[in-house]
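Participant: Sharing a structure, written as structure tokens. Questions coming.
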Amino acid sequence: MGLDLILRDGQVTLGDACVRADVGVEGEKIAVVARPGSLPGGTQTLDLDGRFVVPGGVDPHVHAATTLGEFTTRDDFEACTRAAAWGGTTTIVDFAIPQPRDGARPLATARERMAAARREAVIDVAFHACLVKGDSASLAEVPQLAREGLTTVKVFTIYRDLVMLGLDEVHACMHEVAAAGGLVLVHAESPHIVEPLRARFAAEGRTDARHHALSRPVEAEVDMVRSVLELFRLTGCPGYFVHVTVPEAVTAIVHARLEGAAVWAETCPQYVFLDDSCYAAEDGELYICSPPIRPRAVADRLWEMVRQGAVQVWGSDHCCYDTAQKFRHRGDFTRAPNGLPGVELRAPLLFSEGVMTGLMSVPRFAALTATNPAKLNGLFPRKGVIAPGADADLAVYDPGWEVTVTAPRLHMATDYTPFEGRRLRGWPRMVFSRGRLLVDGERFDGTAGTGQVLAAGPPIPL
Ligand code: DUC
Ligand code: ZN
Ligand code: ZN
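Under the numbering used here, the first residue of the sequence shown carries the number 20, and numbering increases by one thereafter.
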């Protein structure tokens with residue numbers, strides 16, 4: 020065995036366990052996991068002194084260089100993937116959202132974005148296709164998308180005139196995706212609840228950031244999750260709901276799964292570690308995202324469900340707008356760009372608040388941030404696991420490293436962070452992408468184009 024690198028004596032996440040071990044890397048792959056000290060000397064060896072070794076993060080919910088309506092996020096694939104790597108993430112799954120006004124179709128959009136990622140990315144990138152129209156020409160592209168490595172298809176049930184599908188179109192999409200062996204991701208909010216509230220608040224001149232949240236109540240999410248679950252049941256299509264924020268929605272998904280549906284739930288740090296008091300603050304527009312950030316009691320119950328395993332996927336929903344964009348129409352939530360920068364802090368926030376507080380095991384952290392997203396999005400076992408044959412994508416967390424989050428300390432292409440001032444314990448000190456040390460303490464060694472565009476295979480049910 021010609022090992023190129025040995026990570027010696029880490030606490031290594033191996034499936035459900037975390038054990039002291041050495042990890043041997045050959046080229047871009049993990050070659051062996053062995054008892055500490057049992058691998059041959061003479062190779063470059065990094066001593067980990069019991070630091071935690073987890074699979075490199077797989078962020079399944081990233082919007083780099085994305086235009087939605089008036090606004091385009093500030094980052095390209097290089098900036099986004101650099102920031103991801105700093106935060107222990109070694110694969111992002113981005114969205115190929117066609118611009119309906121250009122008449123663009125899913126396949127052409129996907130090919131364009133894959134080409135951009137190939138030129139720019141520092142870590143590996145996969146893509147979800149998006150259906151933003153339910154016409155037969157778009158639906159007919161689903162099998163070819165799957166053949167070209169886009170086995171997951173995202174649909175929005177909201178954002179009329181931009182990307183929204185009606186439930187009849189969601190139904191048709193599930194039918195096609197199931198036949199192609201793929202999986203459907205759903206942004207679930209009910210337009211028949213949100214749109215009248217928005218219109219009423221706008222007519223009454225109540226357009227401050229607090230009314231953004233009030234216009235998208237928990238009922239809008241629960242209602243749509245329940246309706247879409249019926250379609251999942253009916254079609255047998257596997258799928259998951261992105262950015263679930265409401266415990267009742269998670270419960271409905273768990274029950275549907277118990278009854279045989281192949282359905283799961285993703286949530287994001289902002290829905291657990293922030294609460295809706297942010298909208299009452301002077302800079303409330305900075306926190307506008309959809310679904311909105313919920314009251315503390317809701318967030319606390321969601322956090323409990325994450326810890327208990329009722330939520331399987333931890334995504335960021337990274338949308339890298341800056342303050343100038345968030346404030347361009349200050350005081351009018353109906354015109355604000357929706358979304359928060361988050362790719363860099365996704366995993367470190369969970370490590371600090373979950374693992375370092377003793378509320379979450381390291382294997383559950385690894386499942387949420389890497390293994391489960393890799394499985395559901397067709398990237399496993401190449402990604403999301405520490406095992407021979409997998410890509411040597413690894414993050415070494417140092418429990419002794421404390422970081423106070425400030426926007427300038429971070430690497431995302433924006434000037435603010437929703438988590439300003441938060442003290443995080445434990446931080447990814449070393450990050451390897453396919454065997455290459457990208458992040459080493461405060462040093463970064465990665466260039467545009469070293470990332471690969473991944474072809475996803477069939478989703479693997481959890
Ligand atoms: N929600 C956001 O907050 N941003 C991007 C798209 C979305 O669904
Ligand atoms: Zn969404
Ligand atoms: Zn999103």
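Ideal Cβ placement from N, Cα and C applies to all residues, glycine included.
Would you list the one or two residues that DSSP bridges to tryptophan 333?
Facilitator: Its beta-bridge partners are Thr286.
Participant: What residue does the beta strand (DSSP E) around aspartate 78 start on, and which one ends it?
Facilitator: Taken as a continuous stretch (DSSP letters only), the beta strand (DSSP E) holding aspartate 78 covers 76-82.
Participant: Runs of 3 residues minimum, wholly inside the region 119-177: which ones carry the beta strand (DSSP E) assignment?
Facilitator: Fully enclosed beta strand (DSSP E) runs of 3 or longer: 143-149 and 171-175.
Participant: Please say whether glycine 465 and leucine 457 have beta carbons closer to each other than 7 Å?
Facilitator: Yes.
Participant: Look at the Cβ atom of valine 332, then the Cβ atom of glycine 258, and state whether they are nearer than 7 Å.
Facilitator: Result no, Cβ atoms of valine 332 and glycine 258 do not sit closer than 7 Å.
Participant: So threonine 110 packs on valine 72, CB below 8 Å; how close in whole Å?
Facilitator: Not a contact, Cβ separation roughly 17 Å.
Participant: Verify the contact flag: aspartate 336, CB atom, against every heavy atom of ligand 3, threshold strictly below 6 Å.
Facilitator: Yes, since a heavy atom of ligand 3 falls inside the 6 Å radius drawn around the Cβ of aspartate 336.
Participant: Is it true that the CB of valine 269 sits closer than 7 Å to the CB of alanine 284?
Facilitator: Yes; because the gap between Cβ atoms is below 7 Å, this pair is in contact.
Participant: For alanine 53, collect the residues of the same chain with a Cβ closer than 6 Å to its Cβ; drop the 5 residues on either side in sequence, then sort them by chain order.
Facilitator: Only Asp41 meet the Cβ criterion.
Participant: Please report the Cβ distance between isoleucine 98 and isoleucine 142, rounded to the nearest whole angstrom; I am assuming they are in contact, meaning their Cβ atoms lie under 8 Å.
Facilitator: Looking at the sequence shown, residue 98 is not isoleucine but alanine. Actually they do not touch by this definition, with Cβ atoms about 12 Å apart.
Participant: Do you know how far the Cα of isoleucine 479 is from the Cα of proline 392?
Facilitator: Spanning the two alpha carbons is a distance of roughly 10 Å.
Participant: At which residues does the beta strand (DSSP E) containing valine 261 begin and terminate?
Facilitator: Run containing valine 261: none; DSSP gives neither H nor E here.
Participant: Can you say whether proline 59 is buried or exposed, counting buried as having 16 or more other CB atoms within 10 angstroms of its CB?
Facilitator: Label assigned to proline 59: exposed.
Participant: Report all residues from its chain with a CB closer than 7 Å to the CB of alanine 207; omit the five preceding and five following residues, and keep chain order.
Facilitator: The answer, listed in chain order, is Thr176, Glu240, Met243, Val244, Val247 and Phe260.
Participant: At what residue ranges does the region 192-239 contain a whole run of the alpha helix (DSSP H), taking only runs of 4 or more?
Facilitator: List check, alpha helix (DSSP H) in window: 210-222 and 228-233.
Participant: Could you tell me whether any non-hydrogen atom of ligand 2 is closer than 6 Å to the CB of histidine 231?
Facilitator: False, no ligand heavy atom lies under 6 Å from that Cβ.
Participant: So, using beta-carbon positions, are threonine 286 and proline 360 closer together than 7 Å?
Facilitator: No, these two residues do not count as a Cβ contact at 7 Å.
Participant: Around the Cβ of valine 112, are there at least 16 other Cβ atoms within 10 angstroms (buried) or fewer (exposed)?
Facilitator: By the 10 Å Cβ count, valine 112 comes out buried.
Participant: Can you tell which of Glu461, Asp459, Ser452 and Gly476 has its C-alpha closest to the C-alpha of alanine 140?
Facilitator: It is Ser452 whose Cα lies nearest to the Cα of alanine 140.
Participant: What alpha helix (DSSP H) runs, 4 residues minimum, are completely inside the region 341-367?
Facilitator: Qualifying alpha helix (DSSP H) stretches, in chain order: 342-345.
Participant: What's the gap between the Cα of glycine 460 and the Cα of leucine 429?
Facilitator: Approximately 13 Å between the Cα atoms of the pair.
Participant: Taking 6 Å as the line, does the beta carbon of histidine 82 fall inside it for any heavy atom of ligand 2?
Facilitator: Not so, every heavy atom of ligand 2 lies at least 6 Å from the Cβ.
Participant: Using only the alpha-carbon positions, how far apart do proline 79 and valine 174 sit?
Facilitator: Their backbone Cα atoms lie some 15 Å apart in a straight line.
Participant: Please indicate yes or no: does the CB of glycine 358 lie closer than 6 Å to some heavy atom of ligand 1?
Facilitator: Result yes, Cβ under 6 Å from ligand 1.
Participant: Excluding the 5 residues preceding and the 5 following aspartate 66 in the sequence, name in chain order all residues of the same chain whose CB lies nearer than 6 Å to its CB.
Facilitator: So the list reads Arg27, once near-sequence residues are dropped.
Participant: Under 8 Å by Cβ, that's how I've got threonine 108 and arginine 365 pegged, so tell me the actual separation to the nearest angstrom.
Facilitator: With 8 Å as the limit, threonine 108 and arginine 365 qualify as a contact, their Cβ atoms being about 7 Å apart.
Participant: Mind pulling the beta strand (DSSP E) runs of 3 or more residues that sit fully within the region 34-117?
Facilitator: Those beta strand (DSSP E) runs which fall completely within the region 34-117 and span 3+ residues are 36-45, 48-53, 63-66, 71-74, 76-82 and 108-115.
Participant: Closer than 7 Å by C-beta to serine 371: which residues in its own chain qualify, once you throw out the five before and the five after it? Chain order, please.
Facilitator: Leu443, Arg444 and Gly445, listed in sequence order.
Participant: According to DSSP, simplified to helix, strand and coil, what is leucine 481?
Facilitator: Coil.
Participant: Alpha helix (DSSP H) containing proline 392: first to last residue?
Facilitator: That run of the alpha helix (DSSP H) goes 391-395.
Participant: Can you give me the Cβ contacts of valine 38 inside the same chain, cut-off strictly under 8 Å, excluding the 5 residues immediately before and after it?
Facilitator: Answer for valine 38: Gln30 and Val31, listed in chain order.
Participant: Where does alanine 222 land, buried or exposed, given buried means 16+ other C-beta within 10 angstroms?
Facilitator: Counting Cβ neighbours within 10 Å, alanine 222 comes out exposed, since fewer than 16 surround it.
Participant: Would the region 142-155 and the region 188-205 be scored as touching if the rule is three or more Cβ pairs under 8 Å?
Facilitator: Yes, since at least three Cβ pairs between the region 142-155 and the region 188-205 fall closer than 8 Å, the two stretches touch.
Participant: Does at least one heavy atom of ligand 2 sit under 6 Å from the Cβ of histidine 147?
Facilitator: No, ligand 2 has no heavy atom inside 6 Å of this Cβ.
Participant: Under the DSSP definition of a beta bridge, which residues are partnered with glycine 29?
Facilitator: The partner list for glycine 29 (beta bridge, DSSP) reads Ala40.
Participant: So, does the region 392-410 touch the region 339-347, judging by three or more C-beta pairs under 8 Å?
Facilitator: Segments in contact, no.
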